[in-house]
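**Q** Submitted below is the structure of interest, expressed as structure tokens.
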Amino acid sequence: MSTRAPPQADSDIRASNLPPDALSCPLTKNPTGISITVWDSAVEPAECEGLIYTWNGYAENAHVHSLFRQVDIHGERLRRKYLTWIHDFGESRFSNKRIIDHLAIEDGLSYWWLTLLSEQSQYKSPRIKDAIRLLALDEIVNELKPVKVKLVSPDSSLSESLQGLCLKLDIAYTWERIADQHPRSLNLKAACHALPQSIRALATLIRYLHIRWPLRRADKHNWFSGDKALFFCAFFVYMDPQNAQAGHFHSHYWEGLHALLERLNLNGNWLQLYKSAEGGPCPQTAIDWVNRFNRQRQKEGFHAFLDAFLSWRIVLRVLRGWLNLIVISRRLRKLKDAFTPRGTHLSLWPIMKADWYASLRGPDAISNLLWVELFDAALRNMPHQKRGIYTCENQAWERALAHAWRKHGHGQLIAAAHCTIRFWDLRYFSHPRTITSKREPYPKPNPDIVAVNGKAALDVCLNANFSKDTLVESEALRYGYLTNLTRTYPSQVKNGGPLKVLILGDYLRSGTSKTLRLLEAAVPLIAIPITFTMKPHPNCLVKSTDYPCLKLKIVMDPLKDILRDFDIAYSSNMTAAATDAYLAGLGVVVMLDDKELNSSPLRGQPGVQFIDTPDRLAKSLMTFSPAESPRPDSSLFYFLDQRLPRWEKLLLAPSPQEPRDTN
Numbered sequence: 053m054s055t056r057a058p059p060q061a062d063s064d065i066r067a068s069n070l071p072p073d074a075l076s077c078p079l080t081k082n083p084t085g086i087s088i089t090v091w092d093s094a095v096e097p098a099e100c101e102g103l104i105y106t107w108n109g110y111a112e113n114a115h116v117h118s119l120f121r122q123v124d125i126h127g128e129r130l131r132r133k134y135l136t137w138i139h140d141f142g143e144s145r146f147s148n149k150r151i152i153d154h155l156a157i158e159d160g161l162s163y164w165w166l167t168l169l170s171e172q173s174q175y176k177s178p179r180i181k182d183a184i185r186l187l188a189l190d191e192i193v194n195e196l197k198p199v200k201v202k203l204v205s206p207d208s209s210l211s212e213s214l215q216g217l218c219l220k221l222d223i224a225y226t227w228e229r230i231a232d233q234h235p236r237s238l239n240l241k242a243a244c245h246a247l248p249q250s251i252r253a254l255a256t257l258i259r260y261l262h263i264r265w266p267l268r269r270a271d272k273h274n275w276f277s278g279d280k281a282l283f284f285c286a287f288f289v290y291m292d293p294q295n296a297q298a299g300h301f302h303s304h305y306w307e308g309l310h311a312l313l314e315r316l317n318l319n320g321n322w323l324q325l326y327k328s329a330e331g332g333p334c335p336q337t338a339i340d341w342v343n344r345f346n347r348q349r350q351k352e353g354f355h356a357f358l359d360a361f362l363s364w365r366i367v368l369r370v371l372r373g374w375l376n377l378i379v380i381s382r383r384l385r386k387l388k389d390a391f392t393p394r395g396t397h398l399s400l401w402p403i404m405k406a407d408w409y410a411s412l413r414g415p416d417a418i419s420n421l422l423w424v425e426l427f428d429a430a431l432r433n434m435p436h437q438k439r440g441i442y443t444c445e446n447q448a449w450e451r452a453l454a455h456a457w458r459k460h461g462h463g464q465l466i467a468a469a470h471c472t473i474r475f476w477d478l479r480y481f482s483h484p485r486t487i488t489s490k491r492e493p494y495p496k497p498n499p500d501i502v503a504v505n506g507k508a509a510l511d512v513c514l515n516a517n518f519s520k521d522t523l524v525e526s527e528a529l530r531y532g533y534l535t536n537l538t539r540t541y542p543s544q545v546k547n548g549g550p551l552k553v554l555i556l557g558d559y560l561r562s563g564t565s566k567t568l569r570l571l572e573a574a575v576p577l578i579a580i581p582i583t584f585t586m587k588p589h590p591n592c593l594v595k596s597t598d599y600p601c602l603k604l605k606i607v608m609d610p611l612k613d614i615l616r617d618f619d620i621a622y623s624s625n626m627t628a629a630a631t632d633a634y635l636a637g638l639g640v641v642v643m644l645d646d647k648e649l650n651s652s653p654l655r656g657q658p659g660v661q662f663i664d665t666p667d668r669l670a671k672s673l674m675t676f677s678p679a680e681s682p683r684p685d686s687s688l689f690y691f692l693d694q695r696l697p698r699w700e701k702l703l704l705a706p707s708p709q710e711p712r713d714t715n
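Written out as structure tokens, the structure is:
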């Protein structure tokens, strides 16, 4: 038996802050033939013939290799393969028409750009990580050429994909089906999820109308016009309730920009996207706040909810559009070949078909069509806007906005990237041909300009084939407080007092729960005085009584007001707030979720500790030293200047006569 070096890692991937393990994934090839076992079980891998690749987790030893670790090492190549597949999917032809053309829903707009496949959001499409791991496994199988592949898993969709791969490569395949380690709980949410897509779609519409119909009462007619008017669009979140009650609009999304608009004598037209979330205002409270803002519209700007444009006519148009999408989905029922990425024998149909059907028949179809109709109604009746700005996360609603903006002849449209762009946040990445090629008559609805908030985001966009002409610099509004943040460690740490840990909650409840459960398991191993404070995400509140051994203190204050009170921050690997803590000079410990890609915004940053077991977490906390966590240079991440000169230049720039096409 001879030992071979692992495939060459992508040169620009920095995975060095993964937990150190025995091996860096060596591949061993047996000239007489080997077997591969893919282990998808919560229990430790049993002794098996040949090589074992774990489907979940990052731990490795001499006989067990991690697919997630392979993905992290070869991330550039695997991400590129996935993006190529999405591009090729849209260009796939059936009956002499591209899928993009089949999904045309009105002049200039293809519904393809609003589908879950095109959106590429791991929040909405959790099986993207499965597709990435399958691409990694396809490389391993093609390189090692095993005589047999065995899957130990409860997942029938995963088995179907692997079985098809092995059949095409003439490799023996067996599936050892095991019981699901985490069976779905029998509750209303699970029962609804099991319903057919069409039933769930109608339920989504009914729920939407029940919650949002009251917002129709909000004012929607007093928009500013003229050269001093500026259009803004974002979710109605991160509001300061005390300011709102006093009639002052203040959102942490736009920190500092309110004062700049007043100083420049500009009038803001704010199209607010209401979001029902834990801890957020109910529709009646939201209307009350907006009415208070609008009483001082010269100072606070004019505010309207997108849902104020809701009508029975729009509801009927959405239902008609939904039925049309169902007809199209049936016409395209033989498109399974499009789910095979170029250069592979791997079909992603079994694991990604649910996203396809949800986009064309299910709840996402209803939501997306509502975006299209509501933005059309809002921008049709609005006075001409020479410039519009929206918060950029590359979600489906942004494409509906961009299309309606062009359709109704408004001016320059700017997407403001307001947070860190993470390596595995595929929403921000496209295949080069998707960015540069012309797709008339149904181009991807893009902004004219992307305002990037720092050097890191600028470098990411340039490396992702964005044109320099479509990128402008802007200060990071949400992070401006870092400029004046003074970092002094609590005196208790120096004197042997308790270590103060700030726990940063995840957007997803599953991520928050895993983060806290791992900490619970680590607490008995911690032999120093320690206190835990939890700052949950506004969309995922936490009860301290659910985690009694942690003796949690819950805080909802802005990070800028509390970071200086802590020594170390602990978060999940999806939490963007970890960047705030890192740049404020706190020590940072990130939980590597054993069922997720390493999506941390601090992936590859020096000094950040990534842990995946209770003992590693306990060791990281007990060995923390303030002297070992100097404050990083914030300018390497963000453009910071509280005077906002970049934003001022952007807002006052002459508007181009014709909007530029960024495709």
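Under my numbering, the first residue of the sequence shown is numbered 53, with each subsequent residue one higher.
Note that CB positions come from ideal geometry on N, CA and C, so glycine has one too.
1. Look at Thr627 and Lys605 and say whether their C-beta atoms are less than 9 Å apart.
2. Report yes if the CB atom of Asn274 is closer than 9 Å to the CB atom of Asn346, and no otherwise.
3. Over the uninterrupted beta strand (DSSP E) stretch that includes Thr106, give me the two end residues.
4. Is it right to say Arg315 is buried, meaning 16 or more other beta carbons lie within 10 angstroms of its own, or is it exposed?
5. Which class does His355 belong to by DSSP, given the choice of helix, strand or coil?
6. Rounded to the nearest angstrom, what separates His234 and Trp476 at their Cα positions?
7. For Ala253, collect the residues of the same chain with a Cβ closer than 7 Å to its Cβ; drop the 5 residues on either side in sequence, then sort them by chain order.
8. How far does the beta strand (DSSP E) with Lys587 in it reach, from first residue to last?
9. Mind listing, in chain order, the continuous beta strand (DSSP E) runs of no fewer than 3 residues lying wholly within the region 476–526?
10. Leaving out five residues on either side along the sequence, give the residues of the same chain with a beta carbon under 6 Å from the beta carbon of Arg561.
11. Label Arg303 either buried or exposed according to how many other C-beta atoms from any shown protein chain fall within 10 Å of its C-beta, with 16 as the threshold for buried.
12. To the nearest angstrom, how far is the alpha carbon of Leu453 from that of Leu554?
13. With distance defined between alpha-carbon atoms, name the residue in Ser596, Arg479 and Tyr110 nearest to Tyr175.
14. Using the rule of at least 16 other Cβ atoms within 10 Å of the residue's Cβ for burial, across every protein chain shown, is Val379 buried or exposed?
15. Leaving out the 5 sequence neighbours to the left and right, which residues in its chain are closer than 7 Å to Arg698 when beta-carbon positions are compared?
16. Could you tell me the alpha carbon to alpha carbon distance between Thr80 and Thr665, rounded to whole angstroms?
17. Where in the region 556–636 do unbroken runs of the alpha helix (DSSP H), each at least 4 residues long, occur, reported from the N-terminal end onward?
18. Pick helix, strand or coil for Pro78, following the three-state DSSP scheme.
19. With contact counted as at least three CB pairs below 8 Å, one residue from each stretch, are the region 432–440 and the region 460–469 in contact?
20. Only counting the same chain, and skipping five residues up and downstream in sequence, which positions put a Cβ closer than 7 Å to that of Glu572?
21. Does the beta-carbon of His725 have 16 or more other beta-carbons within 10 angstroms, so that it is buried, or is it exposed?
22. According to DSSP, is Met434 part of a helix, a strand, or is it coil?
23. Tell me which residues share the same chain as Ile258 and place their Cβ nearer than 8 Å to its Cβ, disregarding the 5 neighbours each side in the sequence.
24. What residue from Pro610, Asn239, Lys220 and Leu214 has the CA that sits closest to Trp227's CA?
25. According to the neighbour-count rule (16 or more other Cβ atoms, all chains shown, within 10 Å of its Cβ), is Val95 buried or exposed?
26. Name the residue from Gly440, Leu371 and Leu638 whose alpha carbon lies nearest to the alpha carbon of Leu704.
27. DSSP state of Thr55, grouped into three classes?
28. Taking the runs of the beta strand (DSSP E) that are 3 residues or longer, which of them lie wholly in the region 142–168?
29. Could you give the residue range of the beta strand (DSSP E) that holds Ser87?
30. Grab me the residues of Gly353's own chain with a C-beta within less than 6 Å of its C-beta, minus the 5 sequence neighbours each way, in chain order.
31. Give the secondary structure of Gln122 by DSSP, where H, G and I count as helix, E and B as strand, and everything else as coil.
32. Can you say whether Asn515 is buried or exposed, counting buried as having 16 or more other CB atoms within 10 angstroms of its CB?
33. So what's Ala670 in DSSP terms, helix, strand or just coil?
34. Straight-line CA distance for Val123 to Trp107?
35. Could you give the DSSP three-state label for Glu228: helix, strand or coil?
36. Below 8 Å, how does it come out for the region 306–315 and the region 357–372: are there three or more Cβ pairs, yes or no?
**A** With the structure as the only source:
1. no
2. yes
3. Leu103 to Thr106
4. Label assigned to Arg315: exposed.
5. When DSSP states are grouped into helix, strand and coil, His355 belongs to the strand group.
6. 25 Å
7. Trp374, Arg413, Gly414, Pro415, Ala417 and Ile418
8. Ile582 to Lys587
9. Runs of the beta strand (DSSP E) inside the region 476–526: 501–504 and 523–525.
10. These residues qualify, in order along the chain: Cys592.
11. At residue 303 the sequence reads Ser, which differs from the Arg that was named. Buried, because 16 or more other Cβ atoms sit within 10 Å of the Cβ of Ser303.
12. 38 Å
13. Ranking Ser596, Arg479 and Tyr110 by Cα distance to Tyr175 puts Arg479 first.
14. exposed
15. Glu525, Ser526, Glu527 and Phe691
16. Unreliable positioning characterises Thr80 in this predicted model, as indicated by a pLDDT of 43, which lies under 50. The coordinate reading is nonetheless provided below. Straight-line Cα distance between these residues: approximately 27 Å.
17. 561–574, 611–614 and 629–635
18. Here the model assigns Pro78 a pLDDT of 43, short of 50, so the residue's position is not dependable and the matter cannot be decided.
19. yes
20. Tyr599, Cys601 and Leu602
21. This structure cannot settle anything about residue 725, because the visible part of the chain is limited to 53 through 715.
22. The three-state reading of DSSP puts Met434 in coil, since its state is none of H, G, I, E or B.
23. Contacts found: none.
24. Of the candidates Pro610, Asn239, Lys220 and Leu214, Leu214 places its Cα closest to the Cα of Trp227.
25. Under this definition Val95 is an exposed residue.
26. Gly440
27. Unreliable positioning characterises Thr55 in this predicted model, as indicated by a pLDDT of 36, which lies under 50. A coordinate reading is not provided.
28. For the region 142–168, whole beta strand (DSSP E) runs of length 3 or above, ordered along the chain, are 156–158.
29. Ser87 to Trp91
30. Gly320 and Trp322
31. helix
32. exposed
33. helix
34. 11 Å
35. Note: Glu228 maps to strand in three-state DSSP.
36. no
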